[in-house]
Amino acid sequence: MDSEKPDLPTRNEQVDDVDCLTECEDHDESKWEAIQKQPQAFAWCLFAIWITLLVSFENQASGSIIGIPQFRKDFGSYYEGDYVIPAHWQSAFSAAPVASTAIGALMAGQIADWMGRKRIVMLGLFVSYVAITMEFVSTTNQLFFSGKFLNGFAVGTLASVCPTYIGEISPLALRGLFTCSIALAYTVGALTAAIILNSTATSQTRWAYRAVFASQYGFAAIGTIFVIFMPESPWWLVLKGEDELALKSLRLLGCKDGSKRLALIKLTLKRIRRETEGVSYAECFRHSNFRRTIISIAPLSITAFCGVTFFGTYFTYYMQLAGYSTTMSFKLSIALQAVAMLGNVCSWGLVDYVGRRSLTLWGTASLTVILFLIGGLATAATTSAITGAVALIIVTFIFGCFSILCAVYLWFFQVETMGRSYAELDEMFMKRVPARKFITYVSEEQSRTQDGEEK
């Protein structure tokens with residue numbers, strides 16, 4: 048009689064075991080252990096954040112440029128004792144890059160899936176060089192407008208691709224840290240631009256505003272040097288069937304268990320293909336996917352709806368409208384960016400302790416109170432002061448009302464993703480776990496781990 052042979056695990060079961068082991072290892076890994084284990088991945092995430100600095104620098108420079116008297120003199124016209132930019136050109140300068148940034152961000156996803164993360168970063172840097180040059184040499188509103196519009200495509204592309212690249216190569220333990228670091232990059236780039244503008248804004252030559260455009264070459268040049276050696280995303284390579292190149296990329300990123308990680312990537316992509324087979328973008332707005340779409344869009348949208356983007360970009364000009372001198376308005380702009388940077392650094396320790404949901408919710412609630420305080424105190428000022436600051440008063444109340452709506456949304460709909468893998472998030476969304484229970488939900492992955500420890 049033949050002796051019974053133990054059942055051997057199938058290939059799929061082996062891959063599932065690899066998935067489980069890898070996820071368990073990630074959950075138990077500290078930030079410092081993750082950095083020590085994959086210093087190369089850590090370094091390339093920092094490079095992606097450096098590219099983000101170029102984006103934030105351009106955003107700040109674009110919004111603050113109309114606050115420079117020499118710029119208004121060269122590109123505007125004389126009106127009631129001062130030089131001003133015509134209203135239609137002000138609208139064009141502010142709206143055009145926003146439109147092209149949105150288009151660039153939307154196109155970046157498709158282009159990045161076609162040509163890869165590395166090549167699209169190269170393309171974004173090339174477009175940025177051309178646009179910066181157009182802004183730098185411009186002497187007419189038409190050419191300056193064209194440069195800003197073109198640069199919007201580069202800004203949108205890089206702003207979209209860099210977080211994607213970080214998400215694909217960053218160890219799980221560092222994901223929250225790098226999420227905060229991206230936000231820090233936006234404040235550091237803006238602070239750098241504010242310091243340069245403060246140093247040159249009172250100059251009576253074209254260098255009053257050209258200096259800040261020339262400075263962008265420095266950010267782009269450093270990015271160009273390092274992008275040549277940038278490892279391609281292993282996720283994209285696997286998606287294209289380049290397993291050998293993906294394994295090589297994982298090794299360049301310092302992944303010592305490259306074969307296991309490659310198996311995990313292939314398994315995850317296999318699940319995605321199975322779930323998305325025969326579907327279109329319309330699926331993003333159906334059933335539980337609609338919830339995920341809104342939750343994904345909401346955080347950055349809330350930043351705009353609460354006025355953070357607007358005040359950070361156009362703060363200098365509005366301070367001048369409120370009666371502050373050119374010198375003081377740019378000094379206040381530096382203070383604003385410094386405080387923003389401090390707040391971001393404080394969030395590093397809080398994001399994995401308090402959680403993303405709580406930090407966003409109570410931060411938005413605090414901002415709402417501050418906006419209404421600013422508007423209320425301004426209306427209580429003297430009649431002459433109100434006349435000079437009426438635009439600022441109106442804007443603070445408008446954004447204050449939007450902030451209330453954002454806080455309500457966050458309370459009922461925004462989920463907590465702290466310490467969760469993509470597989471766990473998929474499970475919770477599929478099971479329609481309520482937003483407020485995401486933090487306490489025990490996933491199947493965690494249940495298997497706990498059962499294994501008990502045995």
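Under this note's numbering, read the sequence shown as residues 48 to 502, first letter to last. Ideal Cβ placement from N, Cα and C applies to all residues, glycine included.
The bridge partners DSSP lists for residue 129 are 126. DSSP, reduced to helix, strand and coil, places residue 453 within a helical segment of the structure shown.
Between the region 81 to 96 and the region 217 to 229, the count of C-beta pairs closer than 8 Å reaches three or more; the two stretches touch.
Judged by their CB atoms, residue 283 and residue 164 are nearer to each other than the 8 Å cut-off. Taking the CA atoms as reference points, residue 104 sits about 44 Å from residue 491.
About 7 Å separates the CB atoms of residue 252 and residue 117; that is less than 8 Å, so the two are in contact.
Between the alpha carbons of residue 290 and residue 309 lies a distance of about 8 Å.
Collapsing the DSSP output to three states places residue 277 in coil. Closest in C-alpha terms to residue 278, from the list 88, 231, 232, 80, comes 88. In the three-state DSSP reduction, residue 201 falls in the helix class (H, G or I). Between residue 247 and residue 203, the gap from beta carbon to beta carbon reaches 8 Å or more. C-alpha of residue 212 to C-alpha of residue 95: approximately 7 Å in a straight line. For the pair residue 331 and residue 338, the Cα-to-Cα distance works out to about 9 Å.
Taken through DSSP and simplified to helix, strand or coil, residue 115 comes out as coil. Annotation: the continuous alpha helix (DSSP H) that includes residue 335 extends over 334 to 352. Where residue 144 is concerned, the enclosing alpha helix (DSSP H) starts and stops at 134 to 162. Taking every protein chain shown into account, the CB of residue 276 has fewer than 16 other CB atoms within 10 angstroms, so this residue is exposed. Beta-carbon to beta-carbon, residue 262 and residue 281 are separated by about 34 Å, too far to satisfy the 8 Å threshold. Here residue 172 has 267, 270, 271, 274 as same chain residues with Cβ atoms under 7 Å from its own Cβ, once five neighbours each way along the sequence are excluded. When the alpha-carbon of residue 201 is set against those of 155, 191, 240, 187, the nearest one is in 155.
Pairwise C-beta distances place the region 169 to 186 out of contact with the region 223 to 237, as fewer than three of them are shorter than 8 Å.
Residue nearest to residue 76 within the set 208, 114, 136, 222 is 222 (criterion: CA-CA distance). Put simply, the region 406 to 423 touches the region 446 to 454. At least three CB pairs are less than 8 Å apart.
Excluding five sequence positions before and after residue 152, the CB atoms of its chain that fall closer than 8 Å to its own CB belong to 203, 204, 206, 207, given in chain order.
Residue 315 and residue 471 have their alpha carbons spaced roughly 12 Å apart. Here residue 443 has 354, 418, 419, 421, 422, 425 as same chain residues with Cβ atoms under 8 Å from its own Cβ, once five neighbours each way along the sequence are excluded.
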